[in-house]
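Numbering (full-length UniProt numbering), first residue to last: 1 to 68. The beta-carbon is built from N, C-alpha and C at its ideal position, and this holds for glycine as well. Have a look at the structure below before the remarks.
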């Protein structure tokens with residue numbers, strides 16, 4: 001693989017991770033505002049199960065941060 005391709009792949013991976021983080025934060029914000037999981041899932045084109053996983057992961061991270 002050429003260095004140019006490798007660098008472009010690295011940049012794309014960084015952009016993807018940034019976009020996922022922004023999406024996940026938007027999901028958390030919408031849920032905190034009272035939006036139903038079904039509506040959130042439809043808006044972001046994910047399954048309800050995937051949205052629940054994102055919400056549960058954030059909850060677990062928050063709990064872990066509190067306990068130490």
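#1: So residue 36 is in the alpha helix (DSSP H); what residue range does that whole segment cover?
#2: Mind checking whether residue 35 and residue 48 have CB atoms under 8 Å apart?
#3: Does DSSP classify residue 1 as helix, strand or coil?
#4: Counting C-beta neighbours from all protein chains within 10 Å, is the total for residue 3 16 or more, i.e. buried, or is it exposed?
#5: Report yes or no: do the region 18–27 and the region 48–60 share at least 3 C-beta pairs separated by less than 8 Å?
In short:
#1: From DSSP, residue 36 is part of no alpha helix (DSSP H); its letter is neither H nor E.
#2: no
#3: coil
#4: exposed
#5: yes
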